[in-house]
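What follows is a single structure, written as structure tokens, with notes after it.
Numbering (UniProt numbering), first residue to last: 1 to 421.
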């Protein structure tokens, strides 16, 4: 099992427990701080408990109890990193002693504000909460019974891989979960596969595959790989929880080799519209207003533009709907929790009143219930394929070079009007 340092994006070995998770969160926040202040000294008080600050990375970023030494990102060259943490040849950015009195939730709020300012992107989702949700879902004894949707979408992504008549020596699966795509692939198509996920528990529960695999714990928003590394990148039901989707697509394009292909699947904007409408109507009736209980998703009309802006060519985007029937609204919400797909938006409501849930269940049944008493839940799945440009790829003809008019196509099959000689 590899852990990834978010500062140098190199493989690191951490202590067991929560050390690596806390360090990962801390480093992401410090990266945003360093982007704001440049080479100036950073002073942060009351940020995170010092009891977690033990560990080191092969790039010589050392966390010691009571202090943090952080390298300015633009001065770091991972190629010159040594495994000996005692020999450091780079400038470090000192940070004042960190207090242990502040709670980790307060640090995540600080990180949210800093990431919103530094990156200039919308910070919609609480990534720390999503990590906890996925960890909890993967820890369930009967977690496999909630994998039906991921298994189905993973098999459809694998089918699109088989549609490409070539062998991929090195592939990457982003947000792999329990490797729902890899189990449908053969080593004749993919020779080696890297699996990445933000949840360590999910990586430990990956299913066996005939393809040689390596597990890397990494955030989808910070891919720890060099440019031009992979021949194929796949992702299934993971990208819809990313705050900076354009930036993530650009990173995917960067790690692909020229003429490499990206095949992904993510949840679309019409997903769970039955649940969304039922909860909104119930809250309006019982509480006089409503708050979002279903996370916002990407619209299919925006996906093609995002792929094009990320540098992909020969784009393909298609939509698929999967409808699952449940006994009632409580079973829908329970299965979403078991999948690790609960709402993690920052503006989510912490709880639902009992009266609101009962009203939502009645509305759900009345508006969408079937004759057998079950209720449907619709999942809109957006599939995307994009290629990294290469000179060998087909290019559109020069404008004005066509010698056949579209108007002549209607005359195909009609008898000729020329006089017979």
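Ideal placement from N, C-alpha and C gives every residue a C-beta, glycine not left out.
None of the values given here were measured: they were computed from a predicted structure.
For the 9 Å CB-CB criterion, residue 139 and residue 201 form a contact.
Between residue 343 and residue 294, the C-beta spacing is below 9 Å.
Taking the Cβ atoms as the reference, residue 259 lies roughly 42 Å from residue 414, outside the contact range of under 8 Å.
By the neighbour-count criterion, in which 16 or more other beta carbons inside 10 Å mark a residue as buried, residue 196 falls on the buried side.
When C-beta atoms of the region 222-242 are compared with those of the region 359-369, fewer than three pairs fall below 8 Å, so the two segments do not count as touching. Distance between residue 387 and residue 268, taken at the CA atoms: about 21 Å. Contact between residue 275 and residue 332 holds: their C-beta atoms lie close to 6 Å from each other, under 8 Å. Residue 302 holds the alpha-carbon nearest to the alpha-carbon of residue 315 among 184, 281, 302.
Spatial neighbours of residue 308 in its own chain (CB-CB distance under 8 Å, excluding positions within 5 residues in sequence) are listed in chain order as 315. The Cβ-Cβ distance between residue 378 and residue 272 falls below 9 Å.
Within the same chain, and ignoring the five residues on either side of residue 327 in sequence, the residues whose Cβ sits closer than 7 Å to its Cβ are 374. Less than 9 Å separates the beta-carbon of residue 385 from that of residue 317. Short of 6 Å from the beta carbon of residue 241, and not among the five residues preceding or following it, lie these beta carbons of its own chain, in chain order: 125, 130. Of all alpha-carbon atoms in 235, 170, 162, 266, the one lying nearest the alpha-carbon of residue 213 is that of 170.
Contact annotation: residue 310 and residue 252 have beta-carbon atoms nearer than 9 Å. Per DSSP, residue 339 is one residue of the alpha helix (DSSP H) stretching across 329-339. At a cut-off of 4 residues, the continuous stretches assigned as alpha helix (DSSP H) that sit fully inside the region 134-206 are 148-162, 200-204. Excluding the 5 residues flanking it on each side, residue 191 has same chain C-beta neighbours closer than 6 Å at 169, in chain order.
Cβ-Cβ distances below 7 Å link residue 157 to 181, 234, 236, 263, 265 in the same chain, with the five nearest sequence neighbours on each side left out; the list follows chain order. In the DSSP assignment, residue 357 falls within the unbroken alpha helix (DSSP H) covering 354-368. Around the C-beta of residue 248, 16 or more other C-beta atoms lie within 10 Å, and the residue is accordingly described as buried.
For the set 175, 199, 208, the Cα lying nearest the Cα of residue 187 is the one of 208.
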